[in-house]
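Undergrad: Could you have a look at this structure, given as structure tokens, before my questions?
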């Protein structure tokens, strides 16, 4: 006992300065065994120590006191003592004995759980975590313990406070597993499904030598949360997941995989039946609540599918399609989804119609710009962290020893030496890289501006190197193809120059008379090539029609080779003859990476076909590319997309909003072209067989633009397929198939093929037509080079905006938002429904003339053609609308009658003809809107009333 009292004296005397505390630590280590021997008699001595001054000594005594068994009666007092110590101890002292502190905190957790009072442990454990952490980036052993207490106490918000911090330092792998697993469950409790998926994904893909129970349970929840949040499950794990996980997880979670398969079928009855049959299994896993949420989410998923197909739909149709009991129930689901931001739509209470809208976010607000800035700053910080981590591990003796044992022997010729430069930006380039290294390509610096973009790409490749070393899930896996050149620094540029020397080496040829090569006859026509490569017998044949320009060859089209009935299969093209991103890029993971970054699907497909075209007849796709060359991106009227028109030809569209759309689309294509090199470097190369053909050196912009437009005119958007197969180029598909707006036949993905089932009877020799989707004529012209006079989806847009200078702007903005409108609202005007469109605009426009706050809601929600507030206000609104339609009509250089006369000319230039068709249809819509407005003016009870002055009238575009 005297030794204990002497130890107390030393603790009190050696706790004032940092050097004294270090001396005390050595004393306490030597006395640790004797303290444990006296553990049952140490409790009274704690009162002689102040935990805020003698934290290290108090910790040793407290750890020894709690080492033995604790009775239920004494558990409550121990909880109070430990909680007081955690609250008042000095962080610098307890970090000298982290194992002791962790042991005490774990026993504290055990005691509060034995008392069935987990809530008592939440606040003290959070304090313990903060004091044990060297920084917020440090994951301690106490993190999982704290999250477990939060789970049991249902203090989810408190648990979220530490889940928002980025972690870069981990003590033990098990801590990371439990931290992410418990964190995922907390996020599920808070309905933060996106964050929950991220945490559970980290558990599943973390390095592991053997499968563990934590990963299995995490994968079960990952499947369920994926279905709830995304409405689908990716069946393949990423490449950086361990082989053990990829081989075993699915087989250990078969019930959940089958649940996902049943969910993907979209049949609610089948899903409910499966859940009912496996209720006991899900209940024993404590996942029954999540499974019930999965069943509920299938209604939302089915509604979201409708938004991809329809622009407007009645509540009754939604209820029938989604298998809800009533339109009222469908309305509640749609309203909840609008509130949660899952869809953008408005509901017309008068006729029960739902109108699906595009995302209103224009990414121009101050809040969005601030959010983007913060995201960029966070990525820059992450990049610096990863670089520092790479440098630290590269100098670690253990790593170097292991890497040295595993490294193969290299000869001197295996290295590329680059002359030393004083320019610091050449530092990375001056390092020697063995060919077997992660850097499987070397580049010769060029004295052009391209060097700066190369250096940026090299930095990105450096991050990729770090990812591959440590299986970091924060970075996508990028494949870098190995070099076939014995000296990668010196590779020929002759192939790149071929494209510049001859237009025949591009996907779409330039101007000039087209000549059919006799040597091409050896390949036969497109259909013969397809039959040789797996196309089964079909009921179509290729025919041709003359082109309007004698310099161009006739255009091919697909026609019936025999009489067909509605429902007959015209053809079925096997997947081996379909070009998709999955096939182009070699794997679905890289395909999804590219389609969610700077390069669009169309640009990637166009680039691939251009590279293939450079191979000439060596390319497997040569017959298909030759057919695309013949078509030249021309639609069924033998007219190219306006994206390829000259400025003089675009003048045909003066006055039409389509002209601005064309300019904007062309600028978008230019932006994609400028990003080609960056994305190409990021992926090593986009296509494994062209490792050294840098896109912008191989193809000038005009060639890329022509190829992009050609692919745009023939790409097919397949439904119910993975993202990497969504956009497809199908031989025998467009542009060989003509588009019609009133057709119901579509190219559909079936097992192992893409097939076309006709929707109407055809006589032998008649051209086959397919549906082009619900596109207005402006989109048909831009995408396919034609205009459909019978298009039921043709429309113009009238954009109305509240006047931001109005002193009551904020009040009016809130009113329109409560009624499902926006401060800048687009009103689509469909051909044949102009009167309804004008009636839909009137309440919104009236709001701009109201100054009394009590009248705002009644005006916006009013029905009928006459304003219930003021006749002079109604006259002002109608006059403004009529002036707007007159102004738009005056913007066209020709009248409607002049357009009709032009179209009677059989010798009219085809481009001018299709442009005149478009503007004529637009003018018809505007004339009908003007007439509907004039009719409403005529219906006013008093024509002598003057319009009210409106200094803050809404703005119409």
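Residue numbers (our numbering): -8 to 948.
Ideal Cβ placement from N, Cα and C applies to all residues, glycine included.
#1: To the nearest angstrom, report how far apart residue 200 and residue 233 are at their CA atoms.
#2: Strictly by DSSP, which residues pair up with residue 840?
#3: Is it true that the region 706 to 719 meets the region 686 to 693, where meeting means three or more beta-carbon pairs spaced less than 8 Å apart?
#4: If you count every other CB in all the chains shown that lies within 10 Å of the CB of residue 519, and 16 or more means buried, which is it?
#5: Quick one: is residue 4 buried, meaning 16 or more other Cβ sit within 10 Å of its Cβ, or exposed?
#6: Under 8 Å by Cβ, that's how I've got residue 161 and residue 130 pegged, so tell me the actual separation to the nearest angstrom.
#7: Who are the near neighbours of residue 167 in its chain, counting only those whose CB is closer than 7 Å to its CB and skipping five residues on each side?
#8: Helix, strand or coil for residue 242, going by three-state DSSP, please let me know.
#9: Output the boundary residues of the alpha helix (DSSP H) element that contains residue 696.
#10: Which one or two residues does DSSP pair with residue 356 in a beta bridge?
#11: If we ignore side chains and look at the alpha-carbon of each, how far apart do residue 655 and residue 873 end up?
#12: Mind checking who residue 563 pairs with in its DSSP beta bridge?
#13: Which term fits residue 45, buried or exposed, when burial requires 16 or more other beta carbons within 10 angstroms of its beta carbon?
#14: Which residues in the same chain have their Cβ closer than 7 Å to the Cβ of residue 112, if we skip the five residues on either side of it in sequence?
#15: Could you check what DSSP says for residue 107 in three-state terms: helix, strand or coil?
#16: Return helix, strand or coil for residue 102, following the three-state DSSP convention.
#17: At what residue ranges does the region 737 to 806 contain a whole run of the beta strand (DSSP E), taking only runs of 3 or more?
#18: Pull up the DSSP beta-bridge partners for residue 184, would you.
#19: Keeping to the same chain, check which residues put their C-beta closer than 6 Å to that of residue 74; ignore five residues upstream and five downstream.
#20: Could you work out which residue in 31, 107, 88, 170 is closest to residue 144 when comparing CA atoms only?
#21: Can you say whether residue 760 is buried or exposed, counting buried as having 16 or more other CB atoms within 10 angstroms of its CB?
#22: Look at residue 177 and residue 150 and say whether their C-beta atoms are less than 7 Å apart.
#23: Is residue 787 near residue 909, with beta carbons less than 7 Å apart?
#24: Have a look at residue -5 and residue 214 and give me their C-alpha separation to the nearest angstrom.
#25: Would DSSP call residue 662 helix, strand or coil?
#26: State the DSSP-derived secondary structure class of residue 719, mapped to helix, strand or coil.
#27: Within this structure, are the beta carbons of residue 132 and residue 93 separated by less than 7 Å?
#28: State buried or exposed for residue 371, treating a residue as buried only when at least 16 other CB atoms are found within 10 Å of its CB.
#29: How many angstroms separate the CA atom of residue 356 from the CA atom of residue 328?
#30: Would you say residue 92 faces chain C, with C-beta separation under 7 Å as the test?
#31: Which of the three DSSP states is assigned to residue 160 in this structure?
#32: Using the C-alpha atoms, what's the distance from residue 181 back to residue 962?
#33: What is the rounded straight-line gap between the Cα of residue 812 and the Cα of residue 337?
#34: Mind listing, in chain order, the continuous beta strand (DSSP E) runs of no fewer than 3 residues lying wholly within the region 288 to 338?
#35: Would you report the Cα separation of residue 128 and residue 948, rounded to the nearest angstrom?
#36: Excluding the five sequence neighbours on either side, which residues of its own chain have a C-beta within less than 7 Å of the C-beta of residue 864, listed in chain order?
TA: For this structure:
#1: For the purposes of this step, residue 200 is taken as the residue at position 209 of the chain shown. For the purposes of this step, residue 233 is taken as the residue at position 242 of the chain shown. Distance between the alpha carbons of residue 200 and residue 233: 8 Å.
#2: Walking along the chain shown from the start, residue 840 turns up at place 849. Answer is none; residue 840 lacks a bridge partner.
#3: no
#4: Residue mapping note: residue 519 aligns to position 528 of the chain shown, counting from 1. It counts as exposed.
#5: The sequence position of residue 4 within the chain shown is 13, counting from 1. Exposed: under 16 other Cβ atoms inside 10 Å.
#6: In the chain shown, residue 161 corresponds to position 170, counting from 1. In the chain shown, residue 130 corresponds to position 139, counting from 1. Their Cβ separation, rounded to whole angstroms, is 5 Å, which keeps residue 161 and residue 130 in contact under 8 Å.
#7: Here residue 167 refers to the residue found at position 176 of the chain shown. Answer for residue 167: 130, 161, 197, listed in chain order.
#8: To locate residue 242, count along the chain shown from 1; it is residue 251. Correct three-state label for residue 242: helix.
#9: Residue 696 sits at position 705 when you count from the first residue of the chain shown. Unbroken alpha helix (DSSP H) run through residue 696: 692 to 705.
#10: Position 365 of the chain shown holds residue 356. BP columns for residue 356 are empty, so no partner.
#11: Here the question's residue 655 lines up with position 664 in the chain shown. Here the question's residue 873 lines up with position 882 in the chain shown. Rounded to whole angstroms, residue 655 to residue 873 spans 29 Å at the Cα level.
#12: Against the chain shown, residue 563 aligns to sequence position 572. Note: residue 563 sits in a beta bridge opposite 746.
#13: Taking the chain shown and counting its residues from 1, the one referred to as residue 45 is at position 54. Looking at its Cβ environment, which holds 16 or more other Cβ atoms inside 10 Å, residue 45 is buried.
#14: As a first step, residue 112 is located in the chain shown; it is residue number 121 there, counting from the start. Once the five neighbours on either side are set aside, the close Cβ partners of residue 112 are 99, 100, 103, 140.
#15: Your numbering for residue 107 matches position 116 in the chain shown. Here residue 107 sits in coil by DSSP.
#16: Position 111 of the chain shown, counting from 1, holds the residue named residue 102. It is helical.
#17: 738 to 741, 744 to 748, 760 to 762, 786 to 792
#18: Within the chain shown, residue 184 is the residue found at index 193, counting from 1. According to DSSP, which records beta bridges pairwise, residue 184 is partnered with nothing at all.
#19: For the purposes of this step, residue 74 is taken as residue 83 along the chain shown, with counting starting at 1. The residues are 115.
#20: Here residue 144 refers to the residue found at position 153 of the chain shown. Looking at the Cα atoms, 107 is the closest of the given residues.
#21: Position 769 of the chain shown, counting from 1, holds the residue named residue 760. Counting Cβ neighbours within 10 Å, residue 760 comes out buried, since at least 16 surround it.
#22: Here residue 177 refers to the residue found at position 186 when the chain shown is read from its first residue. Here residue 150 refers to the residue found at position 159 when the chain shown is read from its first residue. Yes; because the gap between Cβ atoms is below 7 Å, this pair is in contact.
#23: On the chain shown, residue 787 is found 796 positions in, with the first residue counted as 1. On the chain shown, residue 909 is found 918 positions in, with the first residue counted as 1. For residue 787 and residue 909, no; Cβs fall outside 7 Å.
#24: Here residue -5 corresponds to residue number 4 of the chain shown, with the count starting at 1. Here residue 214 corresponds to residue number 223 of the chain shown, with the count starting at 1. Their backbone Cα atoms lie some 57 Å apart in a straight line.
#25: Position 671 of the chain shown, counted from the start, is the residue given in the question as residue 662. In this structure, residue 662 counts as helix in the three-state DSSP scheme.
#26: On the chain shown, residue 719 is found 728 positions in, with the first residue counted as 1. Note: residue 719 maps to strand in three-state DSSP.
#27: Looking up residue 132 in the chain shown gives position 141. Looking up residue 93 in the chain shown gives position 102. Contact: yes.
#28: Here the question's residue 371 lines up with position 380 in the chain shown. Residue 371 should be labelled exposed.
#29: Locating residue 356 in the chain shown gives position 365, where the first residue counts as 1. Locating residue 328 in the chain shown gives position 337, where the first residue counts as 1. Going from the Cα of residue 356 to the Cα of residue 328 covers about 23 Å.
#30: Absence of chain C from the displayed structure is noted, only one protein chain being present.
#31: Position 169 of the chain shown, counted from the first residue, corresponds to residue 160. Looking at residue 160 - three-state DSSP - the assignment turns out to be strand.
#32: Since the first residue shown for the chain is -8 and the last is 948, residue 962 is missing from the structure and cannot be characterised.
#33: Here residue 812 is taken as the residue at index 821 of the chain shown, counted from 1. Here residue 337 is taken as the residue at index 346 of the chain shown, counted from 1. If I take the Cα positions, the gap works out to 8 Å.
#34: 303 to 305
#35: Counting from 1 along the chain shown, the entry for residue 128 is found at position 137. Counting from 1 along the chain shown, the entry for residue 948 is found at position 957. For residue 128 and residue 948, the distance between alpha carbons rounds to 51 Å.
#36: The residue you call residue 864 lines up with position 873 of the chain shown. Closer than 7 Å at the Cβ level, and outside the excluded window around residue 864, lie 837, 840, 858, 939.
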